[in-house]
Amino acid sequence: MKKVSGNPEIIIPGFKFAGIPAGIKTSGERDLALIFSESPAVTAALFTTNKIKAAPVRLSMERLASHKKCRSIIINSGNANACTGKPGLKNAREMMIKTAEELGISTELVCVSSTGKIGVPLPMEKIKRALPALVRNLSPLSLNHAASAILTTDTATKISSRKVKIGRKTGIIAGIAKGSGMIRPGMATMLSFIVTDISINPKALDSALREAVNRSFNRITVDNEMSTNDTVMMMANGNLRNIPLTMRAAVYSRFKGALNDVTYDLARMIAEDGEGATKLIEIIVRGAKTESDAENVASSVANSMLVKTAVYGRDPNWGRIMAAAGYSGAAVDEQKIDIYINKIKLASKGMGTDKESAARKTLANKKILITIDLGIGKETSAVLTCDLTEEYVKINAHYGT
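Residue numbers for the sequence shown follow the working numbering, beginning at 2 and rising by one.
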């Protein structure tokens with residue numbers, strides 16, 4: 002495990018956290034996490050767009066559709082509780098009920114989330130035995146423990162926070178995330194839980210979270226695989242006691258800006274921690290006719306295995322980038338496309354510039370910038386991804402054994 006990414010010593014007033022080993026993972030690492038608010042918190046969430054949804058996703062979606070408030074989220078790693086039929090739904094529901102009993106709160110105020118191997122029954126006896134200790138370990142200082150307990154193939158915990166000035170008061174937004182493999186635009190195989198002590202109405206929170214996710218988690222890809230368990234959930238407990246923010250509030254844009262920063266930080270950490278990754282790649286597309294075209298080209302290049310392996314091999318193969326742009330479905334004109342790697346122009350108006358030698362040297366960097374100017378419009382987009390290595394194959398060839 003690498004060092005913690007982000008500040009682990011964050012206190013968010015009114016929230017407590019815990020993360021302990023429950024024996025779900027054979028490694029003995031933390032695998033059960035709990036987030037608890039001392040008062041009911043306005044809650045917004047986004048879930049996987051995969052038509053195959055894990056039991057905890059289905060239950061949490063149902064819960065938040067009827068109740069816009071939550072006090073606790075129970076999360077396990079090491080087992081996705083997906084494709085487990087009626088027993089899986091029963092187990093996810095029992096996790097919520099038993100957690101509520103231990104906390105002394107209504108089951109209606111508990112959500113559940115899981116991540117790990119698909120198709121394996123959840124070891125409920127281990128989880129039930131661990132719940133009393135999990136609740137006893139709740140602490141305002143244990144955000145990092147919760148962050149480590151939600152990981153699967155990740156090599157680092159992912160934590161980010163921002164302070165927000167609300168009148169004369171200062172609130173805080175903090176988030177944790179997991180994600181390393183099965184990552185693609187569309188928020189795939191990732192979990193993120195964000196909390197704030199700022200008071201905000203449900204509609205404003207939902208809108209802010211959707212915007213933040215679209216600008217961050219929906220713009221990363223590791224391997225173009227979509228999970229059954231993706232979840233981004235945000236709780237706002239109002240502990241700051243400010244006038245609840247609305248979408249018309251003067252400071253709403255400041256709140257959104259801070260939330261965007263937190264989710265982008267977490268998205269970047271996920272891309273950097275892609276399974277087997279050695280390089281973070283940012284792909285910027287500009288000069289597109291439409292924003293959709295820009296997004297399609299960026300995603301096409303980011304998901305190209307040939308581009309990702311070329312970056313790993315320090316090969317400035319701009320032809321692979323050109324090809325990926327061409328099959329993206331976007332409007333392109335070969336004779337107007339310029340391609341840059343780390344600001345070195347490798348293609349001008351669709352033809353090579355013989356600058357591969359200079360670009361090759363920069364591909365030794367840990368952070369790589371690929372810029373594609375389509376030259377036919379004014380729209381832009383960006384995607385974060387990583388290189389593709391032998392280690393990715395090893396990890397996924399043996400995952401689940």
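For every residue, glycine included, the Cβ atom is placed at its ideal position computed from N, Cα and C.
Between the alpha carbons of Leu35 and Ala157 lies a distance of about 19 Å.
Taking C-beta atoms under 8 Å as the contact rule, Gly117 and Thr85 fail to qualify, at a distance of about 12 Å.
Contact between the segment 362 to 370 and the segment 249 to 256 is not established, with fewer than three Cβ pairs separated by less than 8 Å. Val333: not part of any alpha helix (DSSP H); DSSP gives it neither H nor E. Ranked by how close their Cα comes to the Cα of Arg220, the residues Ala303, Thr279 and Ser73 have Ala303 in first place. Classified as buried, Leu144 has 16 or more neighbouring CB atoms from the shown chains inside 10 Å of its CB.
Under the 10 Å beta carbon count, Asp355 is surrounded by fewer than 16 other beta carbons and is classified as exposed. If you compare the alpha carbons of Ala311, Ala295, Gly314 and Ala359 with that of Ile338, the shortest gap goes to Ala295. Going by C-alpha positions, Thr27 is about 35 Å away from Asn215. Between Ala148 and Ile21, the gap from beta carbon to beta carbon reaches 7 Å or more. Collapsing the DSSP output to three states places Pro88 in a helix. Along the segment 54 to 132, the alpha helix (DSSP H) occurs as fully enclosed runs of 4 or more residues at 56 to 67 and 86 to 104, listed in sequence order. Lys170 is positioned such that its CB atom lies no closer than 7 Å to that of Leu260. Listed in chain order, the non-local C-beta contacts of Lys309 below 6 Å within the same chain comprise Asp388 and Leu389, local neighbours out to five positions each way being set aside. Under a 10 Å Cβ-count criterion, Gly29 is classified as exposed, with fewer than 16 other Cβ atoms of the shown protein chains found around its own Cβ. Comparing alpha carbon positions, the residue from Arg163, Tyr265 and Phe37 closest to Leu104 is Phe37. DSSP, read as helix, strand or coil, puts Met248 in coil. Under the 8 Å Cβ criterion, the segment 74 to 85 counts as touching the segment 121 to 130, having at least three qualifying pairs. The shortest C-alpha to C-alpha distance from Ala289 to any of Asp274, Gly378, Ser358 and Ser208 is the one to Gly378. The count of Cβ pairs closer than 8 Å, one atom from the segment 228 to 239 and one from the segment 195 to 210, reaches three, so the stretches are in contact. For the set Pro57, Gly327 and Leu307, the Cα lying nearest the Cα of Met97 is the one of Pro57. In this structure, His68 places its C-beta atom within 7 Å of the C-beta atom of Glu109. Bridge pairing for Tyr341: Lys346 and Thr372 [DSSP]. In this structure Ser40 is in contact with Gly15, their Cβ atoms being roughly 6 Å apart against a cut-off of 8 Å.
In the three-state scheme derived from DSSP, where H, G and I count as helix and E and B as strand, Glu292 is classed as helix.
Going by beta carbons, Ile282 and Pro317 fall outside the 7 Å limit. Nearest to Thr44 by C-alpha distance, out of Asp32, Arg31 and Ser61, is Ser61.
In this model, Ile173 and Ser161 are separated by some 11 Å (Cα to Cα). DSSP places Ser305 outside any beta strand (DSSP E), giving it a letter other than H or E. For Asn202, the CB contacts under 6 Å within the same chain, skipping 5 residues up- and downstream, are Pro245 and Thr247 in chain order.
Straight-line spacing of the CA atoms in Ile75 and Ala205 works out to 25 Å. Contact between Thr49 and Asn243 does not hold, since their C-beta atoms are separated by about 33 Å, which reaches or exceeds 8 Å. Bounds of the beta strand (DSSP E) holding Met235 are Thr232 to Ala237.
Residue Ser73 holds the alpha-carbon nearest to the alpha-carbon of Glu102 among Met270, Ala250, Ser78 and Ser73.
Where Arg169 is concerned, there is no enclosing alpha helix (DSSP H), because DSSP gives it neither an H nor an E.
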